[in-house]
Ligand code: SF4
């Protein structure tokens, strides 16, 4: 029950006095309660557990992580070796 | 391409991170992933087999289905057998064996046991069936507590007198502390639970990192997340640092989710809990506050004197403590399979035994 994949909010509505939404998981739609992400808007991504959205995914932070990982790759490339320490020409042998 | 998913499964990026880990790791280190969601991802993607051999990953007790004591499952079974009761539960609790049978077996004999996706569905069932008692099996960690808290608040708002929870909530930080305080502890660092931290924030993890001098990194659940988190942990271990570094920034904020924390605080209070495999851990669970006693199934129904018995062959206790791995169990894949589980760790998607059975 702790497994969760991110989904996109495609519709927000009220039901029995609670803020609810339809969430799109790569094409499959499902319902979730949005009471714990009161400021969420249609088009934003969320992590849903057992029927409740628990966070709004932060696009800026996601972009920053990828920036850091890209730098890691580039730093190694500048030294002329891949991250295994092999000359770059040999990199990709295992692909 | 699906956003926030595919990019975290990029094989080239995963290989780069693996290589960086191999480049940094010098010593022998034992790292526990406490969360069953991580165990599942690690085994499924074979991450444990790709790491340099001096890094050992041990699987933790972070599977709510797995740590629910047999005694409580027997109480659930007693309620489910009772005429007039609609017993509702997350689907993965249904096949967990109690002392003699499972909820699924009661259901196949005609008992009214219904899997629900959200506790709010159980509240709706109660509203629609005023002549029946609807009980919801409120299990799980910090991630399911907010939903269960809201279900109780909603039932109170609707003035339902036929809705109650059988509560077996558990908390992750006290379990981590109990593992670290054990005299024979081998764990030197933790992959912290990404979604538990999404709800509760990082405060408790910072306190543990400082007190026991262990690095802690909350991580997302995709292969790139796990590898990036392992890299942060190995760097800390090699440099002799012990702090909390947040790999899962897109979801985990230092303060957690304030609205969810507030609701949990309003409805539940901290209590001692017995964990399957780990035994009694002080202040490691949640129970309903006295104001909500009317929604407490243990209060409402006569459930005293029910004591569970474990299957004798099952070594899931040692597996939940990280002492043994599933293939070391003599029943693994023989007497015990996902179709015929002897222990809870074989039932749940997040259980270590089931994860090993599903290794591609
Ligand atoms: S394989 Fe089955 S019997 Fe063995 S530890 Fe796992 S759940 Fe228990």
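Residue numbers (my numbering), protein chains in the order written: chain A, 27 to 121; chain B, 255 to 614.
For each residue, glycine too, the CB sits at the ideal point set by N, CA and C.
For clarity, every value in this text was computed on a predicted model and none was experimentally measured.
Check, Outcome
"Top-ranked residue by Cα proximity to residue 417(B), from 390(B), 580(B), 498(B)", "390(B)"
"Under 8 Å between C-beta atoms of residue 352(B) and residue 333(B)", "no"
"Proximity of residue 345(B) and residue 602(B) at Cβ, strictly below 8 Å", "no"
"Distance cut-off 7 Å: residue 580(B) Cβ against heavy atoms of the ligand SF4", "yes"
"Chain-ordered residues of the stretch 66-83 of chain A with a beta carbon less than 8 Å from chain B", "71, 73, 75, 76, 77, 78, 80, 81, 83"
"Residue from 466(B), 455(B), 461(B) whose Cα sits closest to the Cα of residue 437(B)", "466(B)"
"The stretch 506-526 of chain B touching the stretch 478-495 of chain B, judged by at least three CB pairs closer than 8 Å", "no"
"Which listed residue (444(B), 571(B), 576(B), 522(B)) has its alpha carbon closest to that of residue 404(B)", "522(B)"
"Interfacial residues, the stretch 50-66 of chain A to chain B, with Cβ spacing under 7 Å", "52, 59, 61, 62, 64"
"Burial state of residue 90(A), where buried means 16 or more other Cβ atoms lie within 10 Å", "exposed"
"Cα-Cα separation between residue 87(A) and residue 563(B), rounded to whole angstroms", "48 Å"
"Pairwise C-alpha distance: residue 45(A) and residue 78(A)", "11 Å"
"Residue 28(A) (DSSP reduced to helix, strand or coil)", "Summary for residue 28(A): the model assigns pLDDT 47, below 50, so the residue's position carries little reliability, and this model does not support an answer."
"Nonlocal neighbours in the same chain, by C-beta distance under 6 Å from residue 358(B), ignoring five residues either side", "348, 349"
"Assigned secondary structure, residue 451(B) (DSSP; H/G/I helix, E/B strand, else coil)", "helix"
"Chain A contact for residue 601(B) (CB, 8 Å cutoff)", "no"
"Complete alpha helix (DSSP H) runs within the stretch 476-527 of chain B (minimum length 4 residues, chain order)", "477-493, 512-521"
"Residue 81(A): CB within 7 Å of a non-hydrogen atom of the ligand MN", "Among the ligands in the structure shown, the ligand MN does not appear; only the ligand SF4 can be found there."
"The stretch 275-295 of chain B / the stretch 424-435 of chain B touching (three or more Cβ pairs under 8 Å)", "yes"
"Contact list for the stretch 444-464 of chain B against chain A, Cβ threshold 7 Å", "449, 452, 453"
"Residue 408(B) to residue 60(A) span [Cα, whole Å]", "14 Å"
"Closer than 8 Å to chain B by CB, residue 37(A)", "no"
"Exposure of residue 270(B), with buried meaning 16 or more beta-carbon neighbours within 10 Å", "buried"
"C-beta atoms of residue 539(B) and residue 526(B) nearer than 8 Å", "yes"
"CB of residue 374(B) within 8 Å of CB of residue 442(B), strictly", "no"
"Buried versus exposed call for residue 111(A) [16 or more other C-beta atoms within 10 Å across all chains shown]", "With a pLDDT of only 47 at residue 111(A), under the threshold of 50, the placement of this residue in the model should not be trusted; the figure read from the coordinates follows. Exposed: under 16 other Cβ atoms inside 10 Å."
"Beta bridge counterpart(s) of residue 82(A) as assigned by DSSP", "72(A)"
"Short CB-CB distance (under 8 Å) between residue 408(B) and chain A", "yes"
"Within chain B, partners of residue 87(A) - CB distance below 7 Å", "503, 504"
"Buried/exposed call for residue 382(B), threshold 16 Cβ in 10 Å", "exposed"
"Terminal residues of the beta strand (DSSP E) in which residue 59(A) lies", "54-59"
"CA-to-CA distance, residue 613(B) to residue 299(B), given in whole angstroms", "8 Å"
"Assigned exposure category for residue 293(B) - 16 Cβ within 10 Å defines buried", "buried"
"For residue 360(B), three-class secondary structure by DSSP", "helix"
"The stretch 307-324 of chain B touching the stretch 527-534 of chain B, judged by at least three CB pairs closer than 8 Å", "yes"
"Residue 309(B) - containing alpha helix (DSSP H), residue span", "Run containing residue 309(B): none in the alpha helix (DSSP H); it sits in the beta strand (DSSP E), 309-316."
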